[in-house]
Amino acid sequence: MNIDEAVKIACEEPTLLDALVWICVWESGRVVEQVKENLWGPNGQGGDTCFKFCLEQVMKKYNQTIDLTANGRGKSA
(Lines of atoms letter the chains of each structure in order from A; the text may use other names.)
(Lines give C-alpha, C1' and ligand atoms only; values in the text may rest on other atoms or scores of the structure.)
Protein backbone atom coordinates (compact mmCIF):
# COMPACT_ATOMS: atom_id res chain seq x y z
CA MET A 1 0.00 0.00 0.00
CA ASN A 2 1.37 3.43 -0.84
CA ILE A 3 1.00 6.66 1.15
CA ASP A 4 -1.94 7.92 -0.92
CA GLU A 5 -3.91 4.73 -0.29
CA ALA A 6 -3.02 4.79 3.40
CA VAL A 7 -4.10 8.43 3.78
CA LYS A 8 -7.41 7.70 2.06
CA ILE A 9 -8.12 4.81 4.43
CA ALA A 10 -7.00 6.80 7.48
CA CYS A 11 -9.37 9.63 6.59
CA GLU A 12 -12.31 7.24 6.71
CA GLU A 13 -11.88 7.15 10.50
CA PRO A 14 -14.57 9.04 12.45
CA THR A 15 -12.24 11.59 14.05
CA LEU A 16 -9.01 13.33 13.15
CA LEU A 17 -7.32 11.74 16.17
CA ASP A 18 -8.34 8.27 14.98
CA ALA A 19 -7.07 9.08 11.49
CA LEU A 20 -3.70 10.22 12.86
CA VAL A 21 -3.40 7.11 15.02
CA TRP A 22 -4.23 4.91 12.02
CA ILE A 23 -1.52 6.49 9.85
CA CYS A 24 1.06 6.20 12.67
CA VAL A 25 0.33 2.49 13.06
CA TRP A 26 0.57 2.05 9.27
CA GLU A 27 3.90 3.93 9.10
CA SER A 28 5.29 1.91 12.03
CA GLY A 29 4.42 -1.33 10.28
CA ARG A 30 5.92 -0.10 7.01
CA VAL A 31 9.20 0.78 8.71
CA VAL A 32 9.41 -2.51 10.61
CA GLU A 33 9.06 -4.43 7.35
CA GLN A 34 11.66 -2.19 5.70
CA VAL A 35 14.12 -2.78 8.52
CA LYS A 36 13.57 -6.54 8.43
CA GLU A 37 14.26 -6.60 4.70
CA ASN A 38 17.31 -4.33 4.83
CA LEU A 39 18.94 -5.12 8.16
CA TRP A 40 20.90 -8.06 6.83
CA GLY A 41 21.38 -6.63 3.35
CA PRO A 42 24.79 -5.97 1.82
CA ASN A 43 24.82 -2.33 2.89
CA GLY A 44 23.43 -2.99 6.37
CA GLN A 45 20.97 -0.12 6.15
CA GLY A 46 18.06 0.02 8.53
CA GLY A 47 14.89 1.91 7.78
CA ASP A 48 13.67 5.42 7.36
CA THR A 49 10.50 7.02 8.64
CA CYS A 50 8.35 9.84 7.38
CA PHE A 51 5.92 10.34 10.27
CA LYS A 52 5.80 14.11 9.82
CA PHE A 53 4.92 13.77 6.14
CA CYS A 54 2.28 11.11 6.89
CA LEU A 55 0.67 13.24 9.60
CA GLU A 56 0.67 16.34 7.38
CA GLN A 57 -0.98 14.43 4.54
CA VAL A 58 -3.71 13.03 6.80
CA MET A 59 -4.42 16.44 8.33
CA LYS A 60 -4.64 18.05 4.90
CA LYS A 61 -6.92 15.36 3.44
CA TYR A 62 -9.06 15.08 6.58
CA ASN A 63 -9.63 18.84 6.66
CA GLN A 64 -10.58 18.80 2.96
CA THR A 65 -13.11 16.06 3.70
CA ILE A 66 -14.57 18.05 6.60
CA ASP A 67 -14.80 21.19 4.42
CA LEU A 68 -16.63 19.28 1.69
CA THR A 69 -19.03 17.76 4.22
CA ALA A 70 -19.74 21.17 5.75
CA ASN A 71 -20.58 22.50 2.29
CA GLY A 72 -22.90 19.58 1.56
CA ARG A 73 -20.64 18.05 -1.09
CA GLY A 74 -19.05 15.24 0.89
CA LYS A 75 -20.42 12.21 2.59
CA SER A 76 -21.18 12.56 6.26
CA ALA A 77 -19.75 10.21 8.86
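So the sequence shown is numbered by my numbering: it starts at 1 and just counts up by one. C-beta: ideal position from N, C-alpha, C; glycine also. These figures come from a predicted structure and were not determined experimentally.
Close beta carbons around residue i, own chain, < 6 Å, minus the five adjacent residues each side
i	result
residue 59	none
residue 10	19, 22, 23 and 58
Where the alpha helix (DSSP H) through residue i begins and ends
i	result
residue 38	16–38
residue 48	Counting along the chain, residue 48 falls outside any alpha helix (DSSP H), and DSSP gives it neither H nor E.
residue 12	Where residue 12 is concerned, there is no enclosing alpha helix (DSSP H), given that its DSSP letter is neither H nor E.
heavy atom of the ligand SAH below 7 Å from residue i C-beta
i	result
residue 66	Among the components modelled here there is no ligand, and therefore nothing to report on the ligand SAH.
Rounded C-alpha distance that separates residue i from residue j
i	j	result
residue 56	residue 50	10 Å
residue 33	residue 13	24 Å
residue 16	residue 39	34 Å
residue 4	residue 65	15 Å
residue 26	residue 61	16 Å
Neighbour-count burial assignment, residue i, 16 or more Cβ in a 10 Å radius
i	result
residue 7	buried
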